[in-house]
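>
Chains as they are written, first to last, in the numbering used here: chain A, 1198 to 1473; chain B, 1198 to 1473.
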């Protein structure tokens, strides 16, 4: 692991790191905020998965998470959203290809070799964090994310019962099976057989029996993607049918931007802290 | 004034605006955060002047000022650091020309026509704010800034006694007369006669009799520009000699970046709120 930058922030250290990923076959960049802590202290970790077009940098620059992480003593990890590079396949559509990995392990060509963000985020990067950041207590993990990253957080938590003591999302894509972004990405990465998509759809996973103890979702009521892509009502119905304790907060006037995410970030960190 | 973007943030509105400046002869972009407030409420305003290479966007993205401004009910205005555009002169040095206006009214060619950031920030933009943001109470103004913008905040406050009820700075250039950035900029914009520079040097203004009631300065102790460019000891001596109540906080481990600024931003907003 190579350190690209480290800076003191809110009493802790905001770092940006790069490593050669065996899973994606590329270098991958991620950021980690380590809050102030005693030398022998072990800390819980909150994973934040980013949305379409984003890298680690968007939330690192604009997410305003450091103050709350410092207060609660939480490590904050922000991975990239896809493999990148001139040798990596891409697409003209900003909602597909580089910057839009959708947290799936692709099976279709030309994506299958590199676009394995499920395995990267579920398996490889946690191993890197556990070995390179020994203050992290991997028995206390929470996960959250924004938009495509909210979809990632929900589906990864649902597929790994017991791993995450806290789950939340900002304006998640509730059901990739049921929106144009998801149809394009899942058909491209996984092929035409929609049965293979269900592993990557929070609502389908819940209908198939996956469970969370509880879940916080914030959604901007003025979000331009609300009706066409995000569809929180589908998640609300799936949780109600399954008896999952969903706190869905429609936030009047808020859009899909980091102004929305940063406004409610401290609530999600407090939500995680209470469970970690 | 043209609205480039507006978004709900921390219960208020973060906007980015553009107007045709008569002073610089160019379009100028700036950001304004208006916190949540009652319809008939008048609000104090805090001016934030940015550093070398920055536009309004750096602090707007990374400054983490909105939560504290919402709590204290303060409008936050972030101007650009120079005129810009293909018809505007520039220099290969990132510390001179576009992005480096130094808050002076240039008298030398080719800069004199456009590089009038003193008049822009002191006179023209306050007029725009007063007319376009009627909730702003212009009798309650505070000013702060970072690096070159800290120099701007100090010198503008010192030259306009009584206008700013609160003055602070993050890692300001304490004395442009006494550092390479300042020598390059002031000789370029104002010519070789150093007597003309004194109006743009906080320490010289204080020695010449200008006063502030009090002043908060934060400075990262690990700032790479500390010794060669910023020189807070010069400001400390000038304030001590003049009896100005300076609170200078050396912050261990902090560098010159927005990780430093954002960490201490809420302290500066609280400092302003207590005086506005």
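All C-beta atoms in this analysis are idealised placements derived from N, C-alpha and C, irrespective of residue type, glycine included. A quick note: this is a predicted structure, and the numbers were derived from the prediction, not measured.
Below 8 Å on the Cβ atoms is my guess for residue 1223(B) versus residue 1311(B); work out the distance and round it to an integer in Å.
Contact flag correct, Cβ pair sits at about 6 Å.
> Whose C-alpha, out of 1435(A), 1458(A), 1417(A) and 1446(A), is nearest the C-alpha of residue 1452(A)?
Residue 1452(A) has its Cα closest to that of 1417(A), out of 1435(A), 1458(A), 1417(A) and 1446(A).
> Could you pull the DSSP bridge partners for residue 1226(B) from this structure?
Beta-bridge pairing links residue 1226(B) to 1215(B).
> Check distances from the C-beta atoms of the stretch 1318-1337 of chain B to those of chain A and list, in chain order, the residues that come in under 8 Å.
Listed by position along the chain: nothing, the set is empty.
> Rounded to whole angstroms, what is the Cα-Cα separation between residue 1191(B) and residue 1394(B)?
Only positions 1198 to 1473 of chain B appear in this structure, which leaves residue 1191(B) out of reach.
> Figure out for me which residue from 1234(A), 1304(A), 1378(A) and 1420(A) has the closest Cα to the Cα of residue 1249(A).
Out of 1234(A), 1304(A), 1378(A) and 1420(A), 1378(A) has the C-alpha closest to the C-alpha of residue 1249(A).
> Enumerated in chain order, which unbroken segments of the alpha helix (DSSP H) with a length of 4 residues or greater are wholly contained in the stretch 1423-1459 of chain B?
Counting only runs of 4 or more, we get 1429-1439.
> Residues of the stretch 1421-1455 of chain B with a CB closer than 9 Å to any CB of chain A: list them in chain order, please.
Correct list: 1448, 1449, 1450, 1451, 1452, 1454 and 1455.
> Are residue 1265(B) and residue 1467(B) close, meaning C-beta to C-beta below 8 Å?
Cβ atoms of residue 1265(B) and residue 1467(B): closer than 8 Å.
> CB residue 1369(B) to CB residue 1301(B), shorter than 8 Å?
In this structure, residue 1301(B) does not lie closer than 8 Å to residue 1369(B) by Cβ.
> Going by DSSP, what residue range makes up the beta strand (DSSP E) through residue 1345(A)?
Looking at the DSSP string, residue 1345(A) is not in any beta strand (DSSP E); the run it does join, the alpha helix (DSSP H), is 1345-1356.
> Mind reading off the beta-carbon distance from residue 1362(B) to residue 1443(B)? Whole number of angstroms is fine, and I expect it under 8 Å.
Not confirmed; about 17 Å, so no contact.
> Between the stretch 1232-1251 of chain A and the stretch 1336-1348 of chain A, do three or more beta carbon pairs fall short of 8 Å?
Verdict: yes, contact present.
> Please confirm whether residue 1460(A) has its beta-carbon closer than 8 Å to some beta-carbon of chain B.
Chain B, which has a Cβ nearer than 8 Å to the Cβ of residue 1460(A), makes this yes.
> Look at the alpha carbon of residue 1208(A) and the alpha carbon of residue 1406(A), and state the distance between them as a whole number of angstroms.
If I take the Cα positions, the gap works out to 43 Å.
> With 8 Å as the C-beta to C-beta threshold (strictly closer), list the residues of the stretch 1250-1278 of chain A near chain B in chain order.
The residues in question are 1258, 1259, 1261, 1263 and 1264.
> Would you verify that the beta carbon of residue 1395(A) is, or is not, closer than 8 Å to some beta carbon of chain B?
It does not; no Cβ of chain B falls within 8 Å.
> In the DSSP assignment, find the alpha helix (DSSP H) that holds residue 1275(B) and state where it starts and stops.
First-last for residue 1275(B): 1272-1275, but that is the beta strand (DSSP E), not the alpha helix (DSSP H).
> Kindly indicate if chain B contains any beta-carbon less than 8 Å away from that of residue 1211(A).
So, interface residue.
> At which residues does the alpha helix (DSSP H) containing residue 1394(A) begin and terminate?
Here residue 1394(A) belongs to no alpha helix (DSSP H), and DSSP marks it neither H nor E.
> Rank 1229(A), 1433(A), 1440(A) and 1439(A) by C-alpha distance to the C-alpha of residue 1327(A) and give the top, closest one.
Comparing Cα positions, the closest option is 1229(A).
> Do you know offhand how far residue 1463(B)'s Cα is from residue 1272(B)'s?
Their Cα atoms are separated by approximately 14 Å.
> Name the residue from 1238(A), 1241(A), 1252(A) and 1243(A) whose alpha carbon lies nearest to the alpha carbon of residue 1213(A).
Among 1238(A), 1241(A), 1252(A) and 1243(A), the Cα nearest to that of residue 1213(A) belongs to 1252(A).
> Rank 1308(A), 1420(A) and 1295(A) by C-alpha distance to the C-alpha of residue 1282(A) and give the top, closest one.
Comparing Cα positions, the closest option is 1295(A).
> If you measure between the beta carbons of residue 1409(A) and residue 1441(A), is that distance less than 8 Å?
Going by C-beta atoms, residue 1409(A) is nearer than 8 Å to residue 1441(A).
> Could you name the residues that DSSP lists as bridge partners for residue 1221(A)?
In the DSSP output, where bridge partners are listed per residue, residue 1221(A) has none listed.
> Can you name, in chain order, every residue of its own chain whose Cβ lies under 6 Å from the Cβ of residue 1244(A), other than the five neighbours on each side?
Here the set comprises 1274 and 1340.
> Give a yes or no on whether the minimum CB-CB distance between residue 1215(B) and chain A is below 8 Å.
No, residue 1215(B) does not count as interfacial toward chain A.
> With 8 Å as the threshold, decide whether the Cβ of residue 1367(A) is near any Cβ in chain B.
No, its Cβ sits nowhere closer than 8 Å to a Cβ of chain B.
> Buried or exposed: residue 1199(A), going by 16 or more other Cβ atoms within 10 Å of its Cβ?
Residue 1199(A) should be labelled exposed.
> Going by beta carbon distance, what residues of the same chain come within less than 7 Å of residue 1431(A), once the five residues before and after it are set aside?
Within the same chain, residue 1431(A) has close Cβ partners 1371, 1372, 1375 and 1400.
> Could you tell me which of 1445(B), 1320(B) and 1269(B) sits nearest to residue 1411(B), measuring between CA atoms?
Nearest of 1445(B), 1320(B) and 1269(B) to residue 1411(B), Cα basis: 1445(B).
> Residue range of the beta strand (DSSP E) that residue 1300(B) falls in?
Looking at the DSSP string, residue 1300(B) is not in any beta strand (DSSP E), and its letter there is neither H nor E.
> Excluding sequence positions up to five away, which residues of its chain have a Cβ less than 7 Å from the Cβ of residue 1315(B)?
If we look at residue 1315(B) and ignore the five residues flanking it on each side, its Cβ neighbours are 1300, 1301 and 1302.
> Please classify residue 1454(B) as buried or exposed, where buried requires at least 16 other C-beta atoms within 10 Å of its C-beta.
By the 10 Å Cβ count, residue 1454(B) comes out buried.
> Span of the beta strand (DSSP E) holding residue 1387(B)?
Residue 1387(B) -> not in any beta strand (DSSP E); alpha helix (DSSP H) instead, spanning 1377-1387.
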